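Let me begin by presenting the structure, written as C-alpha cells, before commenting on it.
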Amino acid sequence: MTNQRAQRTADVELRAFHKRYGAVVAVESLDLKIEPGEFVSLLGPSGCGKTTTLRAIAGLVRPDSGDVIVGGRVMNEVPVHRRGLGLVAQNYALFPHMTVLENVTFGLRMRRMPQTEALRRGHETLATVQLDKMAERFPRELSGGQQQRVALARCLIVEPDVMLLDEPLGALDKKLREAMQVELKLLQRQVGITTIFVTHDQEEALTMSDRIAVMHNGRLQQFGRPQEIYEAPQNRFVADFIGACNFLECRVDARQDGSVVVRLEDGVTATVAVAAGTPAPSIGASVIATVRPEKIILRPAQAKTEGHLYARLEQLVYVGTAIHYHLRTAMGTRLIAYRQNNVAPPPELRAGADVHVTWDATSARLLPD
Amino acid sequence: MRRLFLDPAALILRLYCGAVLLFLSIPIVVAVGVAFGSDKIARFPPRGLSLQWFKAAMTNSSFLDAMSNSFQLAVLATVMTVLVGLPAAIVLVRRRLPGQGALEAFLLSPLSLPGVLYGVAMLFFLGACGFGLTWWGLLLAHVVIAVPYVLRTTLAVYRGLDRGLEETAQVLGANPWQTFWHVTLPLLRPGLFAGGLFAFLISFDNVPVSIFLTTPNNSTLPVTIMSYLTSQDFDATIGAICALQVAVVLVLLYLLDRLYGVGRLTSFGA
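If you're matching them up, the sequences are chains X and A in order. For the first sequence, our numbering begins at 8 and goes up steadily by one. For the second sequence, our numbering begins at 92 and goes up steadily by one.
Here it is as C-alpha cells:
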C-alpha cells in the first residue's frame, strides 16, 4: 500500500504564478518546483501570499496568470474536486454534522466507493491515527489533537497526489503542537506523499520541512533546505524572519579567499564569510554582516585591546535552557547573544558590565544583497 | 439557590420576568378559557363549564373551511418560501455580484413595509396583471412577506459557517452538487427550519395582507375570525376557534420537537 501511494505522489510546479486582489498584489511571479514526496513549507508573515499560493494549487484561487502544474498536468482549468488533492484546513474544518467515521470516509463516499469498502478503509485509516475507538463520536466530542488527526485521516484516505496543509497545528497548545509536528512528519515519511505546509511559525517550518519557501510581500525570498535558510539567508528579511539575527553595518577592508575583512565601528575589524557563488564585494563597499546570537562568544573584558569589539551588557534574560544577553556597543549598535546553560554562567557577565564580543570567523556571513 | 431569592436584585428580575410572561400569556388564557364557558356571551372567567362552543365551532363550516384553507396555504407558502430563500441566501453569501447589498435589502424589505400597504398594493397589482383575486395570488402574497424570515435566519447561519468546510469538501472530491447536498444543506438546516417555522406562522396568522386578497370562497382563518367579530354579536365560538388555532400551532411545534428536536433545529449543540 505504501508503494502504491508512493507511485501516486506527484511533483508540484508553479510557473510565473501571479494573483492580485483589486490593487493588492497577493503573489507576484512565483516560480516554485516541489519534488515528488517532498515536504515543503510555505513560510512567511500573514499577508505574504503563502495561503493564496496553497489555495491556487488546490484550485480555490484562480491565477491571474501563470500555471499550476501537478504531476506534469496543467491544472488551471481542472475543477477543484477533480484535482486529486487532499486538504487539512485551518481549524480542521471537520463536518460537525457527521461522525468521525463519516468525516473520514467523506472523500471515498463522494467518489461513490461501495459502502462496505469505504467503511473498511475508514476503520483502517482511523486505526493508523489511533482513533478507531472514536469512530462513532462527533467532532465536537474530541480534543483538539484528536480532531487534528481526524482531519489528517480524512485527507490521507483519498490517497491524494499532494497533501495541502494550511496551518493545521496553529490551534494546538505548544506541547501538543510539538508532539503533532513529530507525528505528522513521521506519517508523511511513511506514506511518502508530497506535502505543502503553510505556516507562519519558523520553528515549525525548520523542524518539519525538507525545504522551506520563505515568502514576503507576495514574493519568494528564498527556497532551500532548513539549514541553508538558517545558515545562509539570502537577504535581510530571511535572516531576520528565521530565528534572531544581529546585523552589523560595516565596510570592506580586504578581500580573501571566500571571505572578506570588514571594518566595524571604531576601527574594529572582523573576518566575515562570503556566500559561495556570490562575488566578494569591492574594497570600501558598504555591506551588512550577520551573526546569529548563539554564535557570539562573550568574554569578560579585563583590559580593552585595540581592534576588538566591546559592548556594554544591558540586560540578561533567563529563558531556562539559555540566557539571552542584550548588548549595546560604544557606537550604539544593539546586539543579542545566546549562551546555553550547560555550564554555570560566569559571574562577570552581569548587567552593566563591559564584555568582549567575538565570534568564529566562519560564523559571521555577509548578506548577499 | 435560597440566596438568589433573598437578593433584592434577583428578586426584582424574577418578578419582572414573571410579569412579562403573564402579560404575554393572559390574552391566550382568556380566549381559551372563554371557549370552555357555558354562557351565551363570551365571559371570563367562565361561569360553568361546557364544550358547546367547540361543538359549534366544529360544525361551523365557514370556520372549518377557513382553517383548512389557512393550513394548506401556510404549508405551501412555507415550502415556496424556503425554495426562494435558500437559493437567495446562497447567492448572497457565496457569490460576488454587483448590487448585492441592494438585492439583500430588497428581499428583506417586506419586513419594514406596513402589511396594509402591501395588501392594497398587491390587490391592485394582481388586478392589473389580470390575475384577480385567486388563491394563488394569496399564496404569492404570503410567500413575499414570509421570505425575509427564512432569508434572515439562513443568512445568519450561512455567514457563521466556516468557509473551509465547503472548500475542504471540494478538495476531497465532492463536486459542487455533492458539496451542497452533503455539507452546505445539512449545515444550513437550523436556519431553514427556524425560518420555515416563522414563515408558517406568518402565513397562518396574517390578517392585514390576507384581508385584501381573500374572497368568501377562500377566506383564511384569521380573516374569518375578524369578520365574525365585526359582523355579528359574537359568541364564545370565537374562543373555541382561537383555542383550536393555538392547538394547531402547539401540535406542530410538538411534532417538530419530536421529529427533529427544537434544540437541534437551531444549533448543533450536543
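Built from N, CA and C at the ideal position, the CB exists for glycine as well. This structure is a prediction, so every number in the text was calculated from the model and none was measured.
Minimum C-alpha distance to residue i - residue among the options
i                 : options                                   : result
Cys333 of chain A : A:Leu217, A:Ala157 and A:Ala168           : A:Ala157
Thr369 of chain X : X:Ala142, X:Thr278 and X:Tyr317           : X:Thr278
Ala126 of chain A : A:Leu104, A:Val175, A:Met149 and A:Pro281 : A:Met149
Asp173 of chain X : X:Pro307, X:Leu67 and X:Arg262            : X:Leu67
Asp326 of chain A : A:Thr244, A:Gly109 and A:Lys131           : A:Lys131
Arg335 of chain X : X:Ala329, X:Thr328 and X:Leu323           : X:Leu323
Gln195 of chain X : X:Ala160, X:Gln228, X:Ala30 and X:Met82   : X:Ala160
Thr172 of chain A : A:Ser159, A:Val241 and A:Ser318           : A:Val241
Ser301 of chain A : A:Leu231, A:Ala180, A:Asp348 and A:Phe222 : A:Leu231
Ala261 of chain X : X:Val169, X:Val294 and X:His104           : X:Val294
Val7 of chain X   : X:Ser266, X:Tyr325, X:His363 and X:Leu92  : In this structure chain X extends from 8 to 376, so residue 7 of chain X is not present and cannot be described.
Asn98 of chain X  : X:Gly54, X:Leu108, X:Gly152 and X:Thr59   : X:Gly152
Leu214 of chain A : A:Val340, A:Leu304, A:Asn309 and A:Gln336 : A:Leu304
Asp168 of chain X : X:Arg89, X:Phe254 and X:Asn110            : X:Arg89
Ala260 of chain A : X:Pro121, X:Gln188, X:Ile290 and X:Val111 : X:Val111
Thr245 of chain A : A:Leu112, A:Val111, A:Val175 and A:Thr321 : A:Val175
Leu194 of chain A : A:Pro201, A:Leu183 and A:Ser203           : A:Leu183
Glu355 of chain X : X:Tyr332, X:Asn349 and X:Leu374           : X:Tyr332
Val337 of chain A : A:Val111, A:Val123 and A:Asp348           : A:Val123
Leu176 of chain X : X:Val31, X:Ala282 and X:Ala96             : X:Ala96
Ala308 of chain X : X:Gly199, X:Gly359 and X:Arg258           : X:Gly359
Asp3 of chain X   : X:Leu374, X:Pro300, X:Pro52 and X:Val19   : Nothing in the structure corresponds to residue 3 of chain X, since chain X is present only between 8 and 376.
Gly210 of chain A : A:His233, A:Thr321 and A:Phe271           : A:His233
Bridge partner(s) assigned by DSSP for residue i
i                 : result
Met170 of chain X : X:Gly93 and X:Thr202
Gly231 of chain X : X:Ile219
Cys257 of chain X : X:Val294
Lys26 of chain X  : X:Val34
Gly128 of chain A : A:Leu140
Asp361 of chain X : X:Arg319
Arg226 of chain X : X:His223
Leu379 of chain X : The question about residue 379 of chain X has no answer here: the residues shown for chain X are numbered 8 through 376.
Ser266 of chain X : X:Gln263 and X:Ala280
Residue i at chain A interface by Cβ criterion, 7 Å
i                 : result
Leu94 of chain X  : yes
Gly114 of chain X : yes
Met120 of chain X : no
Met170 of chain X : no
Val19 of chain X  : no
Val205 of chain X : no
Met117 of chain X : yes
Leu67 of chain X  : yes
Ala100 of chain X : yes
Lys26 of chain X  : no
Val107 of chain X : no
CB contact check: residue i to chain X, cutoff 7 Å
i                 : result
Leu276 of chain A : no
Met92 of chain A  : Confidence at Met92 of chain A is low in this model, with a pLDDT of 49, below 50, so its placement is unreliable and no value can be given for it.
Asp253 of chain A : yes
Leu263 of chain A : yes
Phe359 of chain A : The predicted model places Phe359 of chain A with a pLDDT of 46, which falls under 50 and marks its position as unreliable; any figure quoted below should be read in that light. Chain X, which has a Cβ nearer than 7 Å to the Cβ of Phe359 of chain A, makes this yes.
Gln57 of chain A  : No statement about residue 57 of chain A is possible, as the shown extent of chain A runs from 92 to 361 and does not include it.
Leu350 of chain A : no
Leu283 of chain A : no
Leu256 of chain A : yes
Thr245 of chain A : no
Asn151 of chain A : no
Arg186 of chain A : no
Gln269 of chain A : yes
Contact set between residue i and chain D, taken where Cβ atoms lie within less than 9 Å
i                 : result
Met338 of chain X : The question asks about chain D, but that chain is absent: this structure's protein chains are X and A.
The segment 230-244 of chain A / the segment 290-299 of chain A touching (three or more Cβ pairs under 8 Å):
yes
Could you give the uninterrupted runs of the alpha helix (DSSP H) lying entirely in the segment 205-293 of chain A, keeping only those of 4 residues or more?
206-219, 226-251, 254-262 and 267-270
So, do the segment 43-59 of chain X and the segment 205-222 of chain X have three or more beta carbon pairs nearer to each other than 8 Å?
yes
Secondary structure, beta strand (DSSP E): runs of 3+ residues fully inside the segment 33-95 of chain X
46-50, 72-77 and 92-95
To test your reading of the DSSP string, which unbroken alpha helix (DSSP H) runs of 4 or more residues are found completely within the segment 118-155 of chain X?
122-135
At a cut of 8 Å, does the segment 112-122 of chain A reach the segment 311-320 of chain X through at least three beta carbon pairs?
no
When the Cβ atoms of the segment 211-231 of chain A are set against those of the segment 244-254 of chain A, are three or more pairs found closer than 8 Å?
no
Are the segment 241-257 of chain X and the segment 75-94 of chain X touching by the rule of at least three beta carbon pairs closer than 8 Å?
no
So, do the segment 264-272 of chain A and the segment 107-119 of chain X have three or more beta carbon pairs nearer to each other than 8 Å?
yes
Which full runs of the alpha helix (DSSP H) of 4+ residues lie inside the segment 151-206 of chain A, going along the chain?
152-185 and 191-199
Would the segment 328-348 of chain A count as touching the segment 137-155 of chain A if we require 3 or more Cβ pairs under 8 Å?
yes
Between the segment 311-323 of chain A and the segment 184-198 of chain A, are three or more C-beta pairs nearer than 8 Å?
no
Any contact of the segment 263-273 of chain X with the segment 333-349 of chain X, i.e. 3+ C-beta pairs under 8 Å?
yes
So does the segment 20-34 of chain X actually touch the segment 208-219 of chain X, counting three or more Cβ pairs closer than 8 Å?
no
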